[in-house]
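Q: In the working numbering, the protein residues as written are 18 to 287. The C-beta atom is built at its ideal place from N, Cα and C for all residues, glycine as well. This is the structure, below, for whatever I ask next.
Have a look at this one:
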């Protein structure tokens, strides 16, 4: 990111000028030290705005390793046209730039985890201009099931925290859902919840047998999903979106009406 380059250069200049000012008594360099400190602070505080200004109008692309990962693990992305892929890459980069990522337990999440989540965020918003999920600006990574103030007794692996605008997720379970067949994709589930929170305008009136229909499609019961996540899923929407994307031949009318692009992307069979 451009802001990071500025911060690295400014930090190096601060270290250099600081050495001469404090250890070589070069008081004539204090003004340059102060300027570099100001630049460093400004770049840190306004890093998102700087990145947006410097990349405005310039299509952003994933680096080769990240793009290769996506091509190998996301058949939906692989099936898109070149123009669609370029749009998805640009939106993924901008989505990641705008979010504040927080690692818990002093364990840093792999870089590709950010882009896996970004991919599902963009996959659900290809059909519209808005894709940043404004208001959900923090992504919190745990490396195990976790407790939160809203659920202090139930360890769980994902949560949409609406009050402080946080997406909270367990990294190992996110990776398994994306990379390994047979695991429920909690990254897709969480971003479906986020889409519902940010972009829904009308409530969906589900058929009374929706949970039975979803189980018939996937062979996964609601109880099994509840147990895996660690919390009861109260609304069928995220599960329906998950199944529409994951199961070949799925055509869930309520999902396709809201997300028409998914009708042609149900190509993965788990």
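Do you know whose CA, among 62, 98, 171 and 87, lies nearest residue 117's CA?
A: 62
Q: CB-CB under 8 Å to residue 40, same chain, minus the five flanking residues each way: which ones, in chain order?
A: none
Q: With residue 157 as the anchor, note down where its alpha helix (DSSP H) starts and where it stops.
A: That residue, residue 157, is in no alpha helix (DSSP H); its beta strand (DSSP E) goes 155-159.
Q: Applying the criterion that 16 or more other CB atoms from any shown protein chain within 10 Å of the CB defines a buried residue, is residue 127 buried or exposed?
A: exposed
Q: Between the alpha carbons of residue 34 and residue 112, how many angstroms are there, rounded?
A: Spanning the alpha carbons of residue 34 and residue 112 requires a straight line of approximately 36 Å.
Q: Are residue 231 and residue 256 close, meaning C-beta to C-beta below 8 Å?
A: yes
Q: Mind checking residue 81: buried by the 16 CB within 10 Å criterion, or exposed?
A: Exposed, because fewer than 16 other Cβ atoms sit within 10 Å of the Cβ of residue 81.
Q: Count the other CB atoms, across all protein chains shown, that sit within 10 Å of the CB of residue 101; report buried if there are 16 or more and exposed otherwise.
A: exposed
Q: Consult DSSP for residue 180 and reduce its assignment to one of helix, strand or coil.
A: coil
Q: If you draw a straight line from the alpha carbon of residue 45 to that of residue 37, how long is it in whole angstroms?
A: 10 Å
Q: Note down, one range per segment and in chain order, each beta strand (DSSP E) of at least 3 residues found wholly within the segment 163-211.
A: 163-165, 168-173, 175-178 and 183-187
Q: Report the rounded CA-to-CA distance for residue 115 versus residue 149, giving the unit in angstroms.
A: 8 Å
Q: Helix, strand or coil: how does DSSP classify residue 120 here?
A: strand
Q: Just to confirm the assignment, what range does the alpha helix (DSSP H) spanning residue 139 have?
A: Per DSSP, the continuous alpha helix (DSSP H) segment holding residue 139 begins and ends at 128-140.
Q: Between residue 204 and residue 182, how many whole angstroms is the CB-CB distance? I'm expecting something under 8 Å.
A: Rounded, the Cβ-Cβ distance is 18 Å, inconsistent with contact.
Q: With distances taken from CA atoms, which of 209, 219 and 246 is nearest residue 261?
A: 209
Q: If you reduce the DSSP assignment to three classes, tell me which class residue 88 lands in.
A: For residue 88, the secondary structure class from DSSP, reduced to helix, strand or coil, is helix.
Q: What three-state label does DSSP hand residue 9 in the structure shown?
A: Here the chain comprises residues numbered 18 to 287, so residue 9 is not present and cannot be evaluated.
Q: Alpha carbon to alpha carbon, how far is residue 177 from residue 47?
A: 48 Å
Q: Quick check: the Cα distance between residue 170 and residue 245, rounded to an integer number of angstroms?
A: Between residue 170 and residue 245, the C-alpha separation is close to 15 Å.
Q: Would you call residue 132 buried or exposed, if buried means 16 or more other Cβ atoms sit within 10 Å of its Cβ?
A: buried
Q: Would the beta-carbon of residue 188 fall within 8 Å of that of residue 159?
A: yes
Q: Which one of 54, 49 and 43 has the shortest CA to CA distance from residue 25?
A: 54
Q: Express the C-alpha separation of residue 226 and residue 250 in angstroms, rounding to a whole number.
A: 15 Å
Q: I need the DSSP call for residue 230, collapsed to helix, strand or coil.
A: helix
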